[in-house]
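Residue numbers (the working numbering): 3 to 191.
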């Protein structure tokens, strides 16, 4: 859908404070009317999508979009990942010091890396460390899902902000609740 008509949509990712300043943090500093109501939602891992497509079309597309991704440090693990002892065929001999520095007991035999004993990279329920996340990526084990969640829509014609259901994920609930309260207070003033 978007690949064929790229010019109808643009994405902007940057520092959240810079995006807030560009849109305006208060009604007095906003670039266009009601844009300051978006600023409270620019927290965490967010970006802006500028498009002339309808909100329904955008929501449909992003609700269907989901891809495997590598888990990052701080993510909760949903499965246990173990590496069996023996040769590690997918790695060049130059990777052996890196694997050892990440906690694996390895040795080089005739230029082939061998794992001396089974190694548990992560267990179900763990919070990933940077080392575990690096190992998962090296062993090509994507344990996360990449999704884009549409939070807010601003309409240029009627200068209104529409907030979408924000309570289906726990990671940003506090920030989203604070943003909703700020918009409600702004509407009352």
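Just so you know, even glycine gets a beta-carbon here, dropped at the ideal spot from N, CA and C.
Let me check understanding here. Comparing Cα to Cα, which of 136, 142 and 23 lies closest to residue 70?
Measuring from the Cα of residue 70, the nearest candidate turns out to be 142.
Query raised in the report: Anyone know if the C-beta pair for residue 72 and residue 139 falls short of 9 Å?
Result: Going by C-beta atoms, residue 72 is nearer than 9 Å to residue 139.
Which first and last residues belong to the alpha helix (DSSP H) in which residue 15 is found? The continuous stretches of alpha helix (DSSP H) do not include residue 15, and DSSP gives it neither H nor E.
Checklist line | Inter-stretch contact at 8 Å, needing at least 3 Cβ pairs: the segment 74–81 / the segment 124–138 | finding: The answer is yes - the segment 124–138 touches the segment 74–81, with three or more Cβ pairs under 8 Å.
> Are three or more beta carbon pairs between the segment 35–54 and the segment 96–114 nearer than 8 Å?
Replying inline: These segments do not touch.
* **Range of the contiguous alpha helix (DSSP H) that encloses residue 66** => Its alpha helix (DSSP H) spans residues 57–66.
- Query: If you drop the 5 nearest sequence neighbours on each side, which residues of the same chain put their C-beta closer than 7 Å to that of residue 81?
  - Reply: Cβ within range, chain order: 126 and 145.
Exercise for the section: Could you pull out every residue in the same chain whose Cβ sits closer than 6 Å to the Cβ of residue 191, ignoring the five residues on either side in sequence? Expected result: Low local confidence applies: a pLDDT of 47 at residue 191 is under 50, so the model's placement there is unreliable, and no value is given.
**Message:** Using a Cβ distance threshold of 8 Å, determine whether the segment 57–70 contacts the segment 144–160, with at least three qualifying pairs required.
**Reply:** The answer is yes - the segment 144–160 touches the segment 57–70, with three or more Cβ pairs under 8 Å.
ask   = Taking the beta strand (DSSP E) that residue 161 falls in, what are its first and last residues?
value = Careful: residue 161 lies outside any beta strand (DSSP E) and carries neither H nor E.
**OP:** In angstroms with no decimal places, state the Cα-to-Cα distance between residue 12 and residue 51.
**Re:** So the alpha carbons of these two residues sit roughly 6 Å apart.
May I have the straight-line CA-CA distance separating residue 27 from residue 167, to the nearest angstrom? Rounded to whole angstroms, residue 27 to residue 167 spans 22 Å at the Cα level.
Rounded C-alpha distance that separates residue 159 from residue 93: Looking at the two C-alpha atoms, the distance is approximately 56 Å.
Should residue 38 be labelled buried (16 or more other beta-carbon atoms within 10 Å of its own) or exposed?
Buried: at least 16 other Cβ atoms inside 10 Å.
Notebook entry, point to check: Going by other Cβ atoms of all chains shown within 10 Å of its Cβ, with 16 needed for buried, is residue 15 buried or exposed?
Noted result: So residue 15 ends up on the exposed side.
So, is residue 122 buried or exposed, given that buried needs 16 or more other C-beta atoms within 10 angstroms? By the neighbour-count definition (other C-beta atoms within 10 Å, threshold 16), residue 122 is an exposed residue.
Next item on the list: Kindly indicate the opening and closing residues of the beta strand (DSSP E) around residue 140.
Entry: Run containing residue 140: none in the beta strand (DSSP E); it sits in the alpha helix (DSSP H), 132–140.
Quiz prompt | Whole-angstrom distance between residue 101 and residue 90, CA atom to CA atom | solution = Cα to Cα, the separation comes out at about 11 Å.
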